[in-house]
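**Q**
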Amino acid sequence: MQATKFGFIVFVLLLFLFRTKVTAQSDSLLAPWAEFLEDDPQLIERIQERIDRPLNINRADKNDWLTVPFLSETQIDSILALRERIGRFKSKRQIRPVVGGSTYRLIRPLITAKRTPAERKLLFIHKTYYPQDVSGQFASYNGNRIYDYNKVYYRFSSQIQAGFISQKDAGEANFFDYWNGFVSLKRPGWSVALGSQFLEFGLGLLFSSPYSSVKSAQATSVFTAGGLKAYAGLTGFEGGSLFGARLLATDVLGWQLLTLAAQNQRDGQLSRYTGDVVGLDFDGYHRNEAEIETKGIVRERLFTAAVARQWNVGFYSALLVNHIDYRPPLRHTAVTVGEADLRRTFFRFSGRTIDQTSLYLRWQPNRLTAELETAHTNPGQTAGSASLFLRTPDFRAGIKWWRVPADFHSPYGRIFDDLSPFPRADQGYYLALAFRPAKRLWVNAYRVFRKDLWRTYFDRLPHSKSEWLVQIDWQNKKWQAVGRVRRKFFQQEANTSPVQTVWGDQWLVRLQLSGSASTALRWKTRWQATGLQPWRERGSYLFQEIQFRPPGYGSLRF
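Using our numbering, read the sequence shown as starting at 909 and increasing by one per residue.
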């Protein structure tokens, strides 16, 4: 209980000392993504943070714009060119013709044309909840059931800002079980940051962007052009950021240059036979003695260098090299994990160092964007990913492909529709289409297919899964209607035979109607049904939401 009291005291002091607004997180603004983000709290957090700290479109430079999801670099360049031509945006709606109506609806809560409270001085976010102990699991944990989360951003000037985050998970005893922070300085042509930060490169084989790796009902929103992106920031996901020093120069004779040196303390997995570290643990929980024993026992060091250039012919190229060093080394062998476990996970990384190299190429003739990334790890093999995307005002279509071998070692890379660190042994494609057959009508559709590239003594057949979706959106100024059909296929071994597989088949249907009776009153009605075969299970639910937001008095939702 002292943890909550301390958080509340800090909250009140900051509120009165700095006289700033404290914003509440709005789940309704996450509606376009929420159904697809059950397993990605990091992405939800980053979208919510951008909602609480909307980007000022009159102040933001290109690197700032790159932190906004679902925008391509071409769109960003067009926005900056428009701002330079007209001098200043009077309303954020002025960028709608540049990005298109559907994209504008997605990013509208994330941007502003006005000066925000966060820009003035300080933004403080505090979250606390007390989960129920249905199964009695918390009795074995050292701490109480309180979850406590605090995040502070302070802007010293337009060029200097700092941030701090602390987090205590339910069951943990230490209020500052996880904490992090940063200080950043941004000047024309270069920026430097110390502390917590993010790095994104290419199509994400070595350093991934969460915005381009998760499907959604906005089918083509994942096709945001990659490149070299680095920025300071905070996350409650303990393995999600790099802690170190970074220098980014944006124009050195036309080249973009980056150097990064980082050191992180990672949780480890210990061998029950020898006590050696056999792997990394990314869940971030430290609730009992076993979890506390493995907290921060692995020192991870990274040194990264990258160069990139935008050529005049619509061609972009970037090269990145990265060295990772683990102390103590990870020892994943038959002695440390046992013969049986090794047969299942023979491809996991074992050693002290990983050397990585990645080449990224992008070509953008007119409305077409073609991308290619190839990455190699030593030890390991070469992985590849490519995408092709066509964009017009009323039609968008794209395909993304990837192939990652079993011994490709990339702790910060991600592949599409898989958020696990060290992606491996996976091949697939994502095909998306969006078009507007009428003025207020949009149709979105996608298909994703993934297949394992390996099998073991226990998993005798490689598994595969696929999914498709079709969604129709219609809206005017006060009404919006959505109809969606989603079908998921997944393959698993049959109970009767370990060498036979059966297909699971799940249907999901959604009908939704929403609107606003006035500027203060909004409502939403949703019906959704699902059916699972071959077990013939099915179910449905009806959801009703009414939100009342009188000007200047917060909001009431039920």
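The beta carbon of each residue, even a glycine, is placed where N, CA and C say it ideally should be.
Note that the coordinates shown come from a computational prediction; the quantities given were computed from them, not determined experimentally.
State the DSSP-derived secondary structure class of TRP1219, mapped to helix, strand or coil.
**A** coil
**Q** Comparing alpha-carbon positions, which option in ASP1326, PRO1329, PRO1331, GLN1379 lies nearest ASN1352?
**A** GLN1379
**Q** Determine the DSSP secondary structure at PHE1357, reduced to helix, strand or coil.
**A** strand
**Q** Which residue spans inside the stretch 1278-1348 form an unbroken beta strand (DSSP E) run of at least 3?
**A** Along the stretch 1278-1348, the beta strand (DSSP E) occurs as fully enclosed runs of 3 or more residues at 1290-1299, 1303-1312, 1334-1346, listed in sequence order.
**Q** Please report the straight-line C-alpha distance between ASP960 and LYS1029, rounded to a whole angstrom.
**A** 14 angstroms
**Q** Sort ARG1332, GLU992, THR1253, PHE997 by Cα distance to LEU963 and report the nearest one.
**A** PHE997
**Q** What does the alpha-carbon distance come out to for the pair ASP1302 and ARG1344?
**A** 5 angstroms
**Q** Just to confirm, is the Cβ distance from LEU1361 to PRO1329 under 8 angstroms?
**A** no
**Q** At what residues does the alpha helix (DSSP H) containing ARG993 begin and finish?
**A** 981-994
**Q** Note down, in chain order, each residue of its chain lying with its Cβ closer than 8 angstroms to the Cβ of GLN933, except the 5 sequence neighbours on either side.
**A** Low local confidence applies: a pLDDT of 41 at GLN933 is under 50, so the model's placement there is unreliable, and no value is given.
**Q** Tell me, to the nearest whole angstrom, how far the beta carbon of LEU1102 is from that of GLU1281; I am working on the premise that it is less than 8 angstroms.
**A** Not really, about 29 angstroms apart at Cβ, beyond 8 angstroms.
**Q** Check TRP1271 in the structure and name its three-state DSSP category.
**A** strand
**Q** Could you tell me whether the Cβ atoms of GLN1272 and VAL1215 are closer together than 8 angstroms?
**A** no
**Q** Is GLY1147 helix, strand or coil when you go by DSSP?
**A** coil
**Q** Scan the stretch 1170-1232 and note each continuous alpha helix (DSSP H) run of 4 residues or more that stays entirely inside, going in chain order.
**A** The DSSP assignment places 1197-1201 as complete runs of the alpha helix (DSSP H) inside the stretch 1170-1232, in order along the chain (cut-off: 4 residues).
**Q** Assign ILE994 to one of two classes, buried (16 or more other C-beta atoms within 10 Å of its C-beta) or exposed (fewer than that).
**A** exposed
**Q** Tell me which residues share the same chain as GLY868 and place their Cβ nearer than 8 angstroms to its Cβ, disregarding the 5 neighbours each side in the sequence.
**A** This structure cannot speak to residue 868, because the chain is shown only from 909 to 1466.
**Q** Tell whether a beta-carbon distance below 8 angstroms holds between THR1433 and GLN1414.
**A** No.
**Q** In the DSSP assignment, find the alpha helix (DSSP H) that holds LEU1250 and state where it starts and stops.
**A** In the DSSP assignment, LEU1250 falls within the unbroken alpha helix (DSSP H) covering 1247-1252.
**Q** How do the stretch 1258-1267 and the stretch 1225-1241 stand: do at least 3 beta-carbon pairs fall below 8 angstroms, yes or no?
**A** A contact exists between the stretch 1258-1267 and the stretch 1225-1241.
**Q** Where does the unbroken beta strand (DSSP E) through THR1128 begin, and where does it stop?
**A** Note, THR1128: premise wrong, no beta strand (DSSP E); not H, not E.
**Q** Taking only the alpha-carbon atoms, compute the straight-line gap between TRP1435 and VAL1393 and give it to the nearest angstrom.
**A** 12 angstroms
**Q** Rounded to whole angstroms, what is the Cα-Cα separation between THR1167 and ALA1213?
**A** 5 angstroms
**Q** Out of SER1149, GLY1204, VAL1185, GLY1097, which has the shortest C-alpha to C-alpha gap to ASP1159?
**A** Just measuring C-alpha positions, the residue of SER1149, GLY1204, VAL1185, GLY1097 sitting nearest ASP1159 is GLY1097.
**Q** Any idea if ILE917 is buried or exposed, counting beta-carbon neighbours within 10 angstroms, 16 or more meaning buried?
**A** At ILE917 the pLDDT is 43, less than 50, meaning the model places this residue with poor confidence and gives no usable figure here.
**Q** Hey, GLN1126 and SER986: beta-carbon distance below 8 angstroms or not?
**A** no
**Q** Can LEU1147 and PHE1190 be called in contact, C-beta distance under 8 angstroms?
**A** Note on residue identity: the sequence assigns Gly, not Leu, to residue 1147. Against a cut-off of 8 angstroms, the Cβ pair of PHE1190 and GLY1147 comes out as a contact.
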